[in-house]
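*Asks:* Below you'll find the structure I mean.
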Amino acid sequence: MPLTDLLHRCPLCGAGPLEGARARAHCSACGTGFEMDGRVGGIWVRGRGSDRVVPVGELMADVDQWGREVALAEHHASVLLRTASGQDPIRHRTRLLGFAERFGPPEAGIIRIDDEALSFLPDSGDGHRSWRLEEIRSVQASSSSIQFCPVDHALVSLKLLEASTRLWEGLICGAIEELWRSRGWGEIAEFQPRIRAL
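Here it is as structure tokens:
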């Protein structure tokens, strides 16, 4: 995962997105630079008279403090959408270990989110789709994609082409959490393997 995906906003000033590639990121708003350093187990933060190593979790918490309101300004992103079309068995010799989703071909388009639904608008054709937030039963992120399972529908995978996976995981989960709170369904304890309230 590139550092600009992990730190999709500046932990210090909240500006975003950050510039950079791989293990380096830079905030053009405040001039702070960030660089991963596996040897010391953290991220070098350079600028504003500071040159120190900060634990990754601390910087991620600082990014999250800027809140969902800031992130909602970026409510659409380019994606490749794939829908599961079945499952294939995973075997070792003659032993069945489990099953893995078999996905159909990718569709390019734009994903959008608001307080009620997550929508996909394809780059071509009439394949517009929308999933109401209360119908989403699980959310799981990997380094470059987000998977969610709508009720009574197949698993959907969204590969983000430019936007931060971590940002979009937060947007989707945050919107679902707010919906659950507003309807009195409780505080969500986990999103995977299934959304569950406390």
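Under the numbering used here, the first residue of the sequence shown carries the number 5, and numbering increases by one thereafter.
No residue lacks a Cβ here, since even glycine has one placed at the ideal position from N, Cα and C.
#1: Within 10 angstroms of its Cβ, does Gln151 collect 16 or more other Cβ (buried), or is it exposed?
#2: Of all the options Leu11, Gly18, Pro21, Gly53, which has the alpha carbon lying nearest to the alpha carbon of Met40?
#3: In angstroms with no decimal places, state the Cα-to-Cα distance between Ala33 and Ala27.
#4: Taking just the CA atoms, how far does Leu85 sit from Pro110?
#5: Can you tell which of Ser146, Ile140, Gly18, Ala201 has the C-alpha that lies nearest to the C-alpha of Cys153?
#6: What are the boundary residues of the beta strand (DSSP E) that Ala179 is part of?
#7: How about Ser149 and Ser161: do their beta carbons lie closer than 8 Å?
#8: So, helix, strand or coil for Gln91, using DSSP?
#9: What do you get for Leu16, buried or exposed, if any count of 16 or more other CB atoms within 10 angstroms of its CB means buried?
#10: Can you tell me whether DSSP reads Val155 as helix, strand or coil?
*Replies:* According to the structure data:
#1: Classification for Gln151: buried.
#2: With respect to the C-alpha of Met40, the residue from Leu11, Gly18, Pro21, Gly53 having the closest C-alpha is Leu11.
#3: 19 Å
#4: 5 Å
#5: Ile140
#6: Going by DSSP, Ala179 is part of no beta strand (DSSP E) but of the alpha helix (DSSP H) stretching over 169 to 186.
#7: In contact: Ser149 and Ser161 (Cβ atoms closer than 8 Å).
#8: strand
#9: buried
#10: coil
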